[in-house]
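2 protein chains.
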Amino acid sequence: MDKLTLFKQIEKKQSFLCIGLDTDLHRIPQHLLEYEDPIFEFNKQIIDATQDLAVAYKPNTAFYEALGARGWQSLARTLDYIPKEIFTIADAKRGDIGNTSSLYAQAFFDRMNFDSVTVAPYMGVDSVSPFLSFEGKWVILLALTSNEGSQDFQLIQSQHGKPFYQHVLEKSQEWGNTDNLMYVVGATRGELIAEVRKIVPDHFFLVPGVGAQGGSLEEVAKYGMNSHCGLLVNSSRGIIYASIGEDFANAAREEAAKLQVEMRELLQRFCK
Amino acid sequence: MDKLTLFKQIEKKQSFLCIGLDTDLHRIPQHLLEYEDPIFEFNKQIIDATQDLAVAYKPNTAFYEALGARGWQSLARTLDYIPKEIFTIADAKRGDIGNTSSLYAQAFFDRMNFDSVTVAPYMGVDSVSPFLSFEGKWVILLALTSNEGSQDFQLIQSQHGKPFYQHVLEKSQEWGNTDNLMYVVGATRGELIAEVRKIVPDHFFLVPGVGAQGGSLEEVAKYGMNSHCGLLVNSSRGIIYASIGEDFANAAREEAAKLQVEMRELLQRFCK
């Protein structure tokens with residue numbers, strides 16, 4: 001999927017919502033445990049209930065790996081079920097030497113047909129480039145994350161007077177372009193999003209940390225939006241676990257709809 | 001497994017060899033494809049042929065993930081087959097926010113009973129700590145890798161006048177200790193290994209990059225060894241693909257034995 005196709009989805013749905021499928025056997029409604037594949041059944045009902053409101057789905061691979069081979073089957077079935085026009089993100093935080101990154105790319109792009117995968121930058125060019133060589137696929141590179149530990153290394157100043165995450169932004173633009181490279185940019189600090197936007201004006205950002213991790217959607221839009229929206233804002237737990245009863249899919253839809261209403265208004269204000 | 005138990009293995013076998021199980025359907029001997037689980041069969045024969053020469057096995061998870069659910073089954077069977085006294089490493093390069101890293105730790109430590117997992121440091125304390133909270137298990141944190149891209153970020157100088165990887169070494173010592181934290185230290189530059197050893201005198205290093213990636217075993221021992229050896233040196237392709245014929249396990253044994261002879265001599269010279 002290219003950038004324009006993604007932007008058309010955003011315009012059509014008036015939404016830049018990404019729904020995180022952090023699906024946990026211990027947190028899904030108990031009546032689903034009677035199904036042969038409860039994880040897939042949960043995802044299916046969430047997707048059915050929200051697909052007109054979301055432009056992306058983001059399964060977090062850890063939740064599936066924790067279930068072993070069975071979890072990988074649920075993940076593959078989920079991917080097959082998501083409508084083709086919706087952008088899919090393997091939130092996997094992979095990254096290794098070249099031949100190994102190539103295999104991860106095969107796993108997510110060829111075997112499961114994800115549109116994108118999140119990648120960690122620490123090992124540099126040959127850990128990221130193999131993912132970029134797949135036509136029509138995307139790397140979403142960790143730049144500035146929203147967790148507590150983001151301060152440990154990402155914000156260390158280099159001798160060039162800029163924080164480490166800025167080196168990641170600058171260097172990686174030599175490897176990819178606005179049609180195959182996005183960045184993870186945490187939502188907890190509006191002024192930092194503005195900093196990042198200055199360095200990469202045209203790239204899409206995947207923004208975690210709205211909702212449970214505590215960022216403001218309005219700040220994100222105000223400081224991060226560009227003329228093609230340029231944002232995918234994720235919410236996971238706040239949507240998918242809105243209810244743990246039999247009404248969970250409807251409850252998820254209601255939460256997603258609230259965000260979509262807010263996003264429509266923000267698109268009108270800031271997407272120009 | 002604690003540090004002393006690992007060191008006793010090293011003394012007994014006079015070896016600090018780790019064998020990388022980068023098992024690839026396209027590279028294993030073709031007669032194995034008749035087995036119901038060729039990947040496991042290959043690993044089993046490699047383990048049978050080398051277990052008295054190696055102190056650790058390191059499956060690279062990408063090779064298994066690339067095969068989907070079936071690959072995860074082969075990986076789990078391989079783990080069950082490795083003798084309990086041999087140290088096992090999930091070379092997975094994981095790392096994410098706290099609740100997600102906890103799930104990765106469960107997947108590798110509880111579900112598959114690995115002794116250790118390689119972790120990427122970029123997201124900081126809460127991405128690493130969940131792995132450290134498992135009794136008797138280890139984090140092997142990426143510090144200085146041996147690939148081309150290691151220069152892109154790991155060697156950037158901070159305003160404190162030290163390269164970024166040194167910040168990773170220093171900060172992470174606040175999180176773990178010599179009984180639950182090792183470091184990945186690339187083998188391509190002897191003087192850099194000496195630098196790292198100065199900062200972390202007592203931690204074990206996992207050293208990739210001897211053999212196919214091109215480092216010298218003698219340099220690694222000279223600059224990296226401490227009084228408890230402190231080294232696990234990995235070889236993958238050089239051992240497991242020594243032959244692609246029916247004699248592959250014997251050929252692998254021969255390559256492993258060559259390294260063990262060299263390692264015995266290096267232990268006598270440098271482990272004091």
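Taken in order, these protein sequences are the chains called Y and C. If you're matching positions, the first sequence starts at 1 in full-length UniProt numbering and goes up one per residue. If you're matching positions, the second sequence starts at 1 in full-length UniProt numbering and goes up one per residue. For every residue, glycine included, the Cβ atom is placed at its ideal position computed from N, Cα and C. Treat the numbers as computed from the prediction; the structure is a model and nothing was measured.
Report task. Assuming Y/Ala76 and C/Gln73 form a contact by the criterion Cβ under 8 angstroms, report the distance between their Cβ atoms to the nearest whole angstrom. Result -> In the first sequence, counting from the first residue as 1, residue 76 of chain Y sits at position 76. In the second sequence, counting from the first residue as 1, residue 73 of chain C sits at position 73. In this structure Y/Ala76 is not in contact with C/Gln73, their Cβ atoms being roughly 14 angstroms apart against a cut-off of 8 angstroms.
Report task. Please classify C/Ala194: is it buried, with 16 or more other beta-carbons within 10 angstroms of its beta-carbon, or exposed? Result -> Stepping through the second sequence from its first residue, residue 194 of chain C is reached at position 194. Under the 10 Å beta carbon count, C/Ala194 is surrounded by fewer than 16 other beta carbons and is classified as exposed.
Query raised in the report: Using the rule of at least 16 other Cβ atoms within 10 Å of the residue's Cβ for burial, across every protein chain shown, is Y/Glu246 buried or exposed?
Result: Working through the first sequence from its first residue, we reach residue 246 of chain Y at position 246. Here Y/Glu246 is exposed: its Cβ has fewer than 16 other Cβ atoms, across all protein chains shown, within 10 Å.
Query raised in the report: Taking Cβ to Cβ, would you say C/Leu217 is nearer than 9 angstroms to C/Leu267?
Result: The residue given as residue 217 of chain C occupies position 217 in the second sequence. The residue given as residue 267 of chain C occupies position 267 in the second sequence. No, Cβ-Cβ distance for C/Leu217 and C/Leu267 is not below 9 angstroms.
Query raised in the report: Does any residue of chain C bring its CB to less than 9 angstroms from the CB of Y/Asp115?
Result: For the purposes of this step, residue 115 of chain Y is identified with residue 115 of the first sequence, where counting begins at 1. Taking Cβ atoms only, chain C never reaches closer than 9 angstroms to Y/Asp115, which makes this a no.
Query raised in the report: Checking contacts by CB at 9 angstroms: is Y/Val200 closer than that to chain C?
Result: The sequence position of residue 200 of chain Y within the first sequence is 200, counting from 1. Taking CB atoms only, Y/Val200 has no neighbour in chain C less than 9 angstroms away.
Query raised in the report: For Y/Asp152, which of C/Glu254, C/Gly136, C/Ser129 has the nearest alpha-carbon?
Result: Along the first sequence, one-based indexing puts residue 152 of chain Y at 152. Comparing Cα positions, the closest option is C/Ser129.
Query - Supposed contact pair Y/Gly190 and Y/Lys222 - C-beta distance, whole angstroms, cut 8 angstroms - result: Taking the first residue of the first sequence as position 1, residue 222 of chain Y is located at position 222. Taking the first residue of the first sequence as position 1, residue 190 of chain Y is located at position 190. 7 angstroms between Cβ atoms; contact.
Requested in this report: Can you grab the Cα-Cα spacing for the pair C/Ile97 / C/Ser127, in whole Å?
Outcome: Here residue 97 of chain C is taken as the residue at index 97 of the second sequence, counted from 1. Here residue 127 of chain C is taken as the residue at index 127 of the second sequence, counted from 1. A direct Cα-to-Cα measurement between C/Ile97 and C/Ser127 gives close to 5 angstroms.
Report task. Would you mind reading off the limits of the beta strand (DSSP E) that contains C/Leu103? Result -> Mapped onto the second sequence, residue 103 of chain C falls at position 103. Looking at the DSSP string, C/Leu103 is not in any beta strand (DSSP E); the run it does join, the alpha helix (DSSP H), is 98 to 105.
Requested in this report: Ignore the nearest five residues each way along the sequence and tell me which others in C/Thr78's own chain have a CB closer than 7 angstroms to its CB.
Outcome: Here residue 78 of chain C refers to the residue found at position 78 when the second sequence is read from its first residue. Exclusion of the five residues before and after C/Thr78 leaves Leu21, Phe40, Asn43, Pro59 as the residues of its chain whose Cβ lies within less than 7 angstroms of its Cβ.
Report task. Could you say if the region 129 to 140 of chain Y and the region 132 to 140 of chain C meet the contact criterion of at least three C-beta pairs nearer than 8 angstroms? Result -> No, the region 129 to 140 of chain Y does not touch the region 132 to 140 of chain C.
Query raised in the report: Can C/Val185 and C/Val168 be called in contact, C-beta distance under 9 angstroms?
Result: For the purposes of this step, residue 185 of chain C is taken as residue 185 along the second sequence, with counting starting at 1. For the purposes of this step, residue 168 of chain C is taken as residue 168 along the second sequence, with counting starting at 1. It is not a contact, given that the beta carbons lie outside the stated cut-off.
Query raised in the report: Is it the case that the Cβ atoms of C/Leu206 and C/Asn234 are separated by a distance below 9 angstroms?
Result: To locate residue 206 of chain C, count along the second sequence from 1; it is residue 206. To locate residue 234 of chain C, count along the second sequence from 1; it is residue 234. Taking 9 angstroms as the cut-off, the Cβ atoms of C/Leu206 and C/Asn234 count as close.
Query raised in the report: What is the DSSP secondary structure of C/Thr118, reduced to helix, strand or coil?
Result: Indexing the second sequence from 1 puts residue 118 of chain C at position 118. Strand.
Query - Bridge partners - Y/Arg94, DSSP secondary structure assignment - result: For this step, residue 94 of chain Y is matched to residue 94 along the first sequence. According to DSSP, Y/Arg94 bridges with Y/Val119.
Requested in this report: Output the residue ranges of the beta strand (DSSP E) runs that lie fully inside the region 166 to 201 of chain C and measure 3 residues or longer, sorted by chain position.
Outcome: Taking only runs of at least 3 residues, the beta strand (DSSP E) segments lying wholly in the region 166 to 201 of chain C are 181 to 185.
**Report entry** Inter-residue spacing [alpha-carbon to alpha-carbon] between C/Gly149 and C/Cys18
**Finding:** Within the second sequence, numbered from 1, the residue matching residue 149 of chain C stands at position 149. Within the second sequence, numbered from 1, the residue matching residue 18 of chain C stands at position 18. Looking at the two C-alpha atoms, the distance is approximately 23 angstroms.
Query - Boundaries (first-last residue) of the beta strand (DSSP E) holding Y/Pro59 - result: Taking the first sequence and counting its residues from 1, one reaches residue 59 of chain Y at position 59. Its beta strand (DSSP E) spans residues 56 to 59.
Query raised in the report: What residue range is occupied by the uninterrupted beta strand (DSSP E) comprising C/Phe153?
Result: As a first step, residue 153 of chain C is located in the second sequence; it is residue number 153 there, counting from the start. In this chain, C/Phe153 is not harboured by any beta strand (DSSP E); it is covered by the alpha helix (DSSP H) spanning 150 to 153.
Report task. Quick one: residues in its chain with C-beta nearer than 7 angstroms to the C-beta of Y/Gln125, no 5 flanking neighbours on either side, listed in chain order? Result -> Numbered from 1 along the first sequence, position 125 holds the residue referred to as residue 125 of chain Y. The residue you asked about is not Gln; residue 125 of chain Y is Val in the sequence shown. Excluding residues within five positions, the ones whose Cβ falls inside 7 angstroms are Trp175.
Report task. Tell me, please, which residues DSSP counts as bridged to Y/Phe87. Result -> In the first sequence, the residue the question calls residue 87 of chain Y occupies position 87. The secondary-structure analysis by DSSP pairs Y/Phe87 across a beta bridge with Y/Ala56.
Query raised in the report: Which residues of chain Y have a Cβ atom closer than 9 angstroms to the Cβ of C/Gly124, listed in chain order?
Result: What you label residue 124 of chain C is simply residue 124 of the second sequence in a count that begins at 1. Those within 9 angstroms of C/Gly124 in chain Y are Thr145, Asn147, Glu148, Gly149, Ser150, Gln151, Asp152, Phe153, Gln154.
Query raised in the report: Between the C-alpha atoms of Y/Arg253 and Y/Ser243, what's the straight-line distance to the nearest angstrom?
Result: As a first step, residue 253 of chain Y is located in the first sequence; it is residue number 253 there, counting from the start. As a first step, residue 243 of chain Y is located in the first sequence; it is residue number 243 there, counting from the start. When rounded, the separation of the alpha-carbon atoms in Y/Arg253 and Y/Ser243 is 11 angstroms.
Report task. May I ask you to report which of helix, strand or coil DSSP gives Y/Asn234? Result -> As a first step, residue 234 of chain Y must be located in the first sequence, where it is residue number 234. Strand.
**Report entry** Closer than 7 angstroms at the beta carbon, the chain C residues around Y/Asp96
**Finding:** For the purposes of this step, residue 96 of chain Y is taken as the residue at position 96 of the first sequence. Going along chain C in sequence order, the residues near Y/Asp96 (Cβ under 7 angstroms) are Ala62, Lys93.
Query raised in the report: Which partner residues does C/Gly20 have in the DSSP bridge list?
Result: Position 20 of the second sequence, counting from 1, holds the residue named residue 20 of chain C. In the DSSP output, where bridge partners are listed per residue, C/Gly20 has C/Lys58.
Query raised in the report: My guess is that C/Ile140 and C/Val117 are in contact by the Cβ rule of under 8 angstroms, so how many angstroms apart are they, rounded?
Result: On the second sequence, position 140 is the one that residue 140 of chain C refers to. On the second sequence, position 117 is the one that residue 117 of chain C refers to. With a beta-carbon spacing of about 7 angstroms, C/Ile140 and C/Val117 fall inside the 8 angstroms limit used to define contacts.
Query raised in the report: Quick one: Cα of Y/Ala256 to Cα of C/Pro121, how far?
Result: Start at 1 with the first residue of the first sequence, and residue 256 of chain Y comes out as number 256. Start at 1 with the first residue of the second sequence, and residue 121 of chain C comes out as number 121. Looking at the two C-alpha atoms, the distance is approximately 33 angstroms.
Report task. Measure the alpha-carbon distance for Y/His160 versus C/Gln159 and round it to whole angstroms. Result -> Here residue 160 of chain Y refers to the residue found at position 160 of the first sequence. Here residue 159 of chain C refers to the residue found at position 159 of the second sequence. Y/His160 and C/Gln159 have their C-alpha atoms roughly 8 angstroms apart.
Query raised in the report: Nearest chain C C-beta to Y/Val168 closer than 9 angstroms, yes or no?
Result: As a working mapping, residue 168 of chain Y is identified with position 168 in the first sequence. Taking Cβ atoms only, chain C reaches closer than 9 angstroms to Y/Val168, which makes this a yes.
Requested in this report: Sort C/Glu219, C/Leu53, C/Tyr57 by Cα distance to C/Val261 and report the nearest one.
Outcome: On the second sequence, residue 261 of chain C is found 261 positions in, with the first residue counted as 1. Of C/Glu219, C/Leu53, C/Tyr57, the residue nearest in Cα terms is C/Leu53.
Query raised in the report: Beta-carbon of C/Val128 versus every beta-carbon of chain Y: anything under 9 angstroms?
Result: Along the second sequence, read from residue 1 onward, the residue named residue 128 of chain C stands at position 128. At least one chain Y Cβ lies under 9 angstroms of C/Val128.
Report task. Please check the pair Y/Phe7 and Y/His228, which I expect to be a contact at CB under 8 angstroms, by giving their CB distance rounded to whole angstroms. Result -> The residue given as residue 7 of chain Y occupies position 7 in the first sequence. The residue given as residue 228 of chain Y occupies position 228 in the first sequence. Contact holds; Cβ gap of about 5 angstroms.
Requested in this report: Give a yes or no on whether the minimum CB-CB distance between Y/Thr100 and chain C is below 9 angstroms.
Outcome: Within the first sequence, numbered from 1, the residue matching residue 100 of chain Y stands at position 100. Y/Thr100 has a beta carbon lying within less than 9 angstroms of a beta carbon in chain C.
Query raised in the report: How would you list, in chain order, the residues of chain Y whose beta-carbon sits under 8 angstroms from the beta-carbon of C/Tyr104?
Result: Mapped onto the second sequence, residue 104 of chain C falls at position 104. The contacting residues are Ala62, Glu65, Ala66.
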